[in-house]
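Our numbering puts the first residue of the sequence shown at 28, with every later residue one more than the last.
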Amino acid sequence: MDYVINKLEEMDKRLSAIDEELTSVTDFSVAKKLNQERALLDEPVTLYRQLKKADAEIADAQLILKDSDEEMREFAKGEIARLSALKEELNKKIELALLPKDINDEKNVIMEIRGAVGGDEGNIFAGDLYRMYLKYADKKGWKVQLLDESPTSLGGYSNVSIMIKGKGVYSRLKFESGAHRVQRVPITEKSGRIQTSTATVLVMPETEKEDIVINPSDLQVDTYRSQGAGGQNVNKTESAVRITHVPT
28 MDYVINKLEE
38 MDKRLSAIDE
48 ELTSVTDFSV
58 AKKLNQERAL
68 LDEPVTLYRQ
78 LKKADAEIAD
88 AQLILKDSDE
98 EMREFAKGEI
108 ARLSALKEEL
118 NKKIELALLP
128 KDINDEKNVI
138 MEIRGAVGGD
148 EGNIFAGDLY
158 RMYLKYADKK
168 GWKVQLLDES
178 PTSLGGYSNV
188 SIMIKGKGVY
198 SRLKFESGAH
208 RVQRVPITEK
218 SGRIQTSTAT
228 VLVMPETEKE
238 DIVINPSDLQ
248 VDTYRSQGAG
258 GQNVNKTESA
268 VRITHVPT
């Protein structure tokens with residue numbers, strides 16, 4: 028337990044340091060990295076601060092137990108019971124918050140939904156999934172950007188791609204990847220038979236653009252005379268170029 032408390036103390040100090048840095052940072056890329064680190068620290072540190080507050084309030088309530096007023100002592104007992112239950116709940120939440128995080132958990136996602144087995148009904152099911160994810164994103168306060176779509180005449184989609192932006196989007200949606208199945212009577216089925224249809228969902232974390240710096244001295248440039256039949260410049264001018272990055 029001491030190890031956990033020490034770790035939380037370090038995280039608390041680091042969060043305070045990041046907040047201080049963010050007040051003066053001017054480089055956008057630095058600010059972005061600091062905010063990403065802050066997002067990882069925020070939940071466990073917030074819970075830890077609530078835990079310390081509960082400990083302090085329990086200590087105050089225990090002092091009241093020595094009060095001569097019986098009504099005050101009963102009040103203190105009730106507070107200690109309430110705060111002890113709160114501490115137990117906070118400790119469980121802290122354990123979960125300290126579990127190793129996927130490095131992509133805080134990233135935005137690109138989601139692609141495709142109709143698969145079932146023809147028109149598979150496409151309709153893909154449309155149902157698409158609208159479900161839109162409603163979920165709206166509920167979470169995330170922003171959705173349509174990237175590509177191939178709607179069908181029956182209100183479905185053979186393919187639709189979207190970008191979803193917000194806090195912890197990938198952590199919430201990464202397990203949606205895969206094949207989704209539905210068994211129901213399709214609107215295209217006049218005989219009332221139940222049909223199994225599927226749609227596939229692909230969830231990818233948004234990749235970050237990294238600045239690549241290439242030193243010209245690391246480049247080897249070779250020129251060659253063009254090859255082939257015909258033309259007065261063939262085999263006379265060095266029109267073919269190959270550039271090699273030597274270190275790699």
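A virtual CB, placed ideally from N, CA and C, is assigned to each residue, including glycine.
Per DSSP, residue i forms a beta bridge with which residues?
i: ASP249; result: ARG269
i: GLN172; result: MET190
i: PRO178; result: TYR184
i: ALA230; result: It should be pointed out that residue 230 corresponds to Val in this sequence rather than to Ala. Partner(s): MET138.
Measuring alpha carbon to alpha carbon, tell me which of the options ends up nearest residue i.
i: LYS167; options: TYR197, THR53 and VAL212; result: TYR197
i: THR179; options: ARG41, ALA108 and VAL187; result: VAL187
i: GLU143; options: LYS134, LEU156 and ASP82; result: At residue 143 the sequence reads Ala, which differs from the Glu that was named. Per the Cα distances, LEU156.
i: PHE152; options: GLU64, ILE214 and PRO232; result: ILE214
i: ASP170; options: LYS162, GLY145 and ALA66; result: Per the sequence shown, residue 170 should be read as Lys rather than Asp. Per the Cα distances, LYS162.
i: ALA226; options: GLY105, GLU97, GLY205 and ASP46; result: GLY205
i: ASN118; options: GLU64, ASN150, GLU70 and SER218; result: GLU70
i: ILE107; options: ASP82, GLU64, LEU173 and GLU122; result: ASP82
i: ALA112; options: SER185, LEU78, ILE91 and GLU48; result: LEU78
i: SER177; options: ASN150, PHE202 and MET159; result: ASN150
i: VAL209; options: GLU203, PHE202 and GLN222; result: GLN222
i: THR234; options: ILE32, GLN172, ALA88 and ASN131; result: ASN131
i: PRO274; options: PRO243, VAL268 and THR250; result: PRO243
i: LEU126; options: THR250, LYS34, GLU101 and ASP29; result: LYS34
i: LEU181; options: GLU36, GLU216, LEU92 and MET159; result: GLU216
i: ILE241; options: ARG220, ILE270 and TYR30; result: ILE270
Is the separation between the beta-carbon of residue i and that of residue j shorter than 7 Å?
i: GLN190; j: ILE137; result: Here the sequence assigns Met to residue 190, which means Gln is not the residue at that position. Yes, the pair counts as a contact, with Cβ atoms nearer than the cut-off.
i: GLY146; j: GLY183; result: no
i: VAL230; j: LEU200; result: yes
i: GLY193; j: GLU133; result: no
i: LEU110; j: ILE85; result: yes
i: GLU148; j: SER224; result: yes
i: LEU74; j: ILE140; result: no
i: VAL72; j: LEU49; result: no
i: ARG65; j: ILE45; result: yes
i: ALA124; j: ALA103; result: no
i: HIS272; j: ASP245; result: yes
i: VAL268; j: THR250; result: yes
i: TYR38; j: LEU68; result: Residue identity differs from the one stated: residue 38 is Met in this sequence, not Tyr. Cβ atoms of MET38 and LEU68: closer than 7 Å.
Would you mind listing the alpha helix (DSSP H) stretches within the stretch 191-227 that are 4+ residues and don't spill past its ends, in chain order? 196-200
What are the start and end residues of each continuous alpha helix (DSSP H) run of 4 or more residues lying completely inside the stretch 28-67, in chain order? 29-49
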